[in-house]
Each structure stands twice: as structure tokens, then as C-alpha cells.
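Below is one structure, written out as C-alpha cells, with a few remarks after it.
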Amino acid sequence: PSFARSGTAGLANLAAARDDGSRPNALPRAQELLKEMEACNPGEEFRQKLSQALDNLRHAPEDDLKSSEGREALDACKQHIQAIFDEAMTKKSERDENPAFWLAGRLPE
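Okay, structure coming up:
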């Protein structure tokens, strides 16, 4: 993986952390990851990008999360998690349900 994808990724993203742990560019990075997920087939890479998007949302400033863009990103993550869970239920596979539960636990409060 490249540390220099676009303007919000990589080490600069971590270096911009505020005293409260939030990062001003966390929401834009989450949005980039959600956009990248559109090209992914459901599977490990999809879940990994979703996990990264959730991690960025957990570090987004509260005002960003409350914005329409923040709510839109959170809703997109929730829909993806629901889709993963629904697929696991269709398969009747507890093993496939666990990642959905773990991802749901990563949603910002």
C-alpha cells in the first residue's frame, strides 16, 4: 500500500491529530475509502476498507460527524455493515456474522 495516495492519506493524516485525538482530515479520508469501496468486490478487501473508513470516522471532529457529509458517511458505513450481516444471515453462517458485529462495534458513538 502506498502512503502517498491522495492529499488526506498516509503519515500526514496521523501527524495532523489534535490534542483530543481528532484529525481534521479524517472525514475526507473516510469519504475517499468509501469511494474506493465502490470498485471492490465484497470480501476481505471490502471489509478492510470499511474498517479503515470507520477508524477515520472515529477520529473525525465531532462537528464533522454532525455535518451532512459526516452523517452521509456514517449512513453509508451502516448500510455496508447491514449488507455484510444480511449476506451472512442468508448463508446462515455465524462465522460470517462475526465481522459484521465487529464492524458495527467500530461505529462512532
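Under the working numbering, think of the first position of the sequence shown as 155, with each following residue one higher.
Every residue gets a Cβ at the ideal spot worked out from N, C-alpha and C, and that includes glycine.
Original post:
For the alpha helix (DSSP H) that contains K245, what are its first and last residues?
Top reply: For this step, residue 245 is matched to residue 91 along the sequence shown. It spans S222 to K245 - the alpha helix (DSSP H) in which K245 sits, taken as one unbroken run.
Original post:
For the candidate residues D174, E263, D218 and A180, whose alpha-carbon lies nearest to that of K232?
Top reply: Counted from its first residue, the sequence shown places residue 232 at position 78. It is E263.
**OP:** If I'm right that H213 touches R177 with Cβ under 8 Å, what's the distance once you round it to whole angstroms?
**Re:** Your numbering for residue 213 matches position 59 in the sequence shown. Your numbering for residue 177 matches position 23 in the sequence shown. Approximately 5 Å separates the beta-carbon atoms of H213 and R177; this is inside 8 Å, confirming the contact.
**OP:** Return the Cβ separation of L219 and L208 in integer angstroms, given the expectation that the two are a contact with Cβ distance under 8 Å.
**Re:** Here residue 219 is taken as the residue at index 65 of the sequence shown, counted from 1. Here residue 208 is taken as the residue at index 54 of the sequence shown, counted from 1. Not really, about 12 Å apart at Cβ, beyond 8 Å.
Original post:
Is it buried or exposed for M243, if we count other Cβ within 10 angstroms and need 16 for buried?
Top reply: For the purposes of this step, residue 243 is taken as the residue at position 89 of the sequence shown. Taking every protein chain shown into account, the CB of M243 has fewer than 16 other CB atoms within 10 angstroms, so this residue is exposed.
Original post:
Would you call the CB atoms of K203 and L181 closer than 8 Å?
Top reply: Position 49 of the sequence shown, counting from 1, holds the residue named residue 203. Position 27 of the sequence shown, counting from 1, holds the residue named residue 181. Going by C-beta atoms, K203 is not nearer than 8 Å to L181.
Original post:
Ends of the alpha helix (DSSP H) at R177?
Top reply: Here residue 177 refers to the residue found at position 23 when the sequence shown is read from its first residue. Annotation for R177: no alpha helix (DSSP H) segment contains it, and DSSP assigns it neither H nor E.
**OP:** Can you grab the Cα-Cα spacing for the pair F255 / R201, in whole Å?
**Re:** Against the sequence shown, residue 255 aligns to sequence position 101. Against the sequence shown, residue 201 aligns to sequence position 47. Per the coordinates, the alpha-carbon of F255 lies some 12 Å from the alpha-carbon of R201.
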